[in-house]
Amino acid sequence: QVERRLSSDAADLDRARESLQRAYEEQAAVNRDLEQKTAELHRLNRELIEVDSARKGLLANVTHELQTPLVSIRGYTQMVLEGRLGKINDEQRRGLEVAVRGVDRMVALIGNILSLARSEGKTPVDLESVDPAPTLLEVLERHRKIAQDAQVTLEQVVEGDDLRISAERDAFEQVLDNLVSNGIKFNRPGGRVQVILREGPPGFVGLEVADTGVGIPRNEHDKVFERFYRGKGANEVAGTGIGLATVRNLVERHRGRIEISSAPESGTTIRVLWPRASASTQAPVTESSEG
Numbered sequence: 017q018v019e020r021r022l023s024s025d026a027a028d029l030d031r032a033r034e035s036l037q038r039a040y041e042e043q044a045a046v047n048r049d050l051e052q053k054t055a056e057l058h059r060l061n062r063e064l065i066e067v068d069s070a071r072k073g074l075l076a077n078v079t080h081e082l083q084t085p086l087v088s089i090r091g092y093t094q095m096v097l098e099g100r101l102g103k104i105n106d107e108q109r110r111g112l113e114v115a116v117r118g119v120d121r122m123v124a125l126i127g128n129i130l131s132l133a134r135s136e137g138k139t140p141v142d143l144e145s146v147d148p149a150p151t152l153l154e155v156l157e158r159h160r161k162i163a164q165d166a167q168v169t170l171e172q173v174v175e176g177d178d179l180r181i182s183a184e185r186d187a188f189e190q191v192l193d194n195l196v197s198n199g200i201k202f203n204r205p206g207g208r209v210q211v212i213l214r215e216g217p218p219g220f221v222g223l224e225v226a227d228t229g230v231g232i233p234r235n236e237h238d239k240v241f242e243r244f245y246r247g248k249g250a251n252e253v254a255g256t257g258i259g260l261a262t263v264r265n266l267v268e269r270h271r272g273r274i275e276i277s278s279a280p281e282s283g284t285t286i287r288v289l290w291p292r293a294s295a296s297t298q299a300p301v302t303e304s305s306e307g
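Numbering (the numbering used here), first residue to last: 17 to 307.
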C-alpha cells in the first residue's frame, strides 16, 4: 500500500513537473514575444520622433518659402492700389483692397504657423535680460487700432520697479502678441483687456492677461493649449487654434509656467510665471527631450 501511494505520488509529481515545464516554456515564449514587441515599439518610436522632426523642419521651411512671394505680391498689389503703376477705377480699387486683405490674412497665418514650428524646435534659447514693460507698451500700441474697432479697451498695470526677465526678446513679444490678440478677438463690444506685470513667486515675474469675453468651459481649459484646437466659443471667430499652443511652447522653453482661469460668459485670465533675469541669464538653455 505504501509503495502504491508512493508510486501514485511520484506520478503526480511527474505530471506536476511536466505541467510546470510547459508553463515555463510558455512563459519563456511570452517573454520572447514581449521582447520582440518592445524592440519593435522602440524602433517605431524612434521612427515617429524622426518623422515628427522632419515634419517640423518641413513646416518651417515651407512656411518660410511661402512668406517671401506673398510679401512680394502684397507689395506690388499695394503699389497698384496706390496708383503708382497707373490710374485705377473704383471697381478695380475695391478688388485690390480685397486682395490685399486676403494676402495679409495669409501672411499672418503663415507667420503663426512658422512661430509654432519654431516654438517646437530644439535650438538653444538665447537668453538675455529683458525689461518687459517697454515690450508691453509696444504690443498694446500695435493692437490699439484693432481694439478700438472692436470697441475693446486696452489697459496696462505695472507693479514693481525691477521686473526684468530672462528671455529671448522676440519670444516674449510673441507671447504678449498672441495673448492680447486673443483677448481682443474673444471679447465683446464695451469689453476690456487688462495686462498686468507684477512680482511673482521667488525667481519669477508674473504676467497676467485678463479679458471680459465669452470665456472657456472648464473641460476645455487643457485642450485650448493643444495645436489646432478650436473650442465651441471660437466657432464664430476667425483663427487657426495655434496661438495658445505657441504661447505654451515658448513659456515652457523658457522654464516658465502657464495656467488659465475661465468660465463661460465670465471672461478669461491667462497667468504666466516667467523666470527672472539673473547673473546666469546669458547661459543658453537647451530644449528638453520632450520637445
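From the three backbone atoms N, C-alpha and C, an ideal C-beta is built for every residue, glycine too.
Computed from a predicted structure; not experimentally measured.
Element boundaries [beta strand (DSSP E), containing THR285]:
Residue numbering aside, residue 285 sits at position 269 when the sequence shown is read from its first letter. THR285 -> beta strand (DSSP E) spans 284–291.
Secondary structure at ALA183, three-state DSSP: helix, strand or coil?
As a first step, residue 183 is located in the sequence shown; it is residue number 167 there, counting from the start. Three-state DSSP puts ALA183 in a strand.
What do you reckon, are the CB atoms on TRP290 and GLY216 nearer than 9 Å?
As a working mapping, residue 290 is identified with position 274 in the sequence shown. As a working mapping, residue 216 is identified with position 200 in the sequence shown. Yes. Within cutoff.
How would you label VAL46, buried or exposed, when you count the other beta carbons within 10 angstroms and need 16 or more for buried?
By one-based count along the sequence shown, residue 46 stands at place 30. VAL46 comes out exposed.
Report back the beta-carbon spacing between VAL114 and LEU86 to the nearest angstrom; my notes put them in contact at under 8 Å.
Reading the sequence shown from its first residue, position 98 is the one you call residue 114. Reading the sequence shown from its first residue, position 70 is the one you call residue 86. Contact doesn't hold; Cβ gap of about 15 Å is too wide.
Which of the three DSSP states, helix, strand or coil, is assigned to VAL168?
Taking the sequence shown and counting its residues from 1, the one referred to as residue 168 is at position 152. If DSSP states are grouped into helix, strand and coil, VAL168 belongs with coil.
Taking buried to mean at least 16 other C-beta atoms within 10 Å of its own C-beta, is GLU154 buried or exposed?
Walking along the sequence shown from the start, residue 154 turns up at place 138. Classification of GLU154: exposed, given that the 10 Å Cβ count is below 16.
Beta-carbon proximity of GLU189 to THR228, cut-off 9 Å:
Translated into the one-based positions of the sequence shown, residue 189 becomes position 173. Translated into the one-based positions of the sequence shown, residue 228 becomes position 212. No, the pair does not count as a contact, with Cβ atoms beyond the cut-off.
What's the call for ILE274, buried or exposed, on a 16-neighbour Cβ count within 10 Å?
Reading the sequence shown from its first residue, position 258 is the one you call residue 274. The residue in question, ILE274, is buried, as its Cβ has 16 or more Cβ neighbours within 10 Å.
Excluding sequence positions up to five away, which residues of its chain have a Cβ less than 8 Å from the Cβ of VAL196?
Residue numbering aside, residue 196 sits at position 180 when the sequence shown is read from its first letter. Correct list, in chain order: VAL155, LEU156, HIS159, LEU170, VAL209, VAL211 and VAL225.
DSSP state of GLU321, grouped into three classes?
No statement about residue 321 is possible, as the shown extent of the chain runs from 17 to 307 and does not include it.
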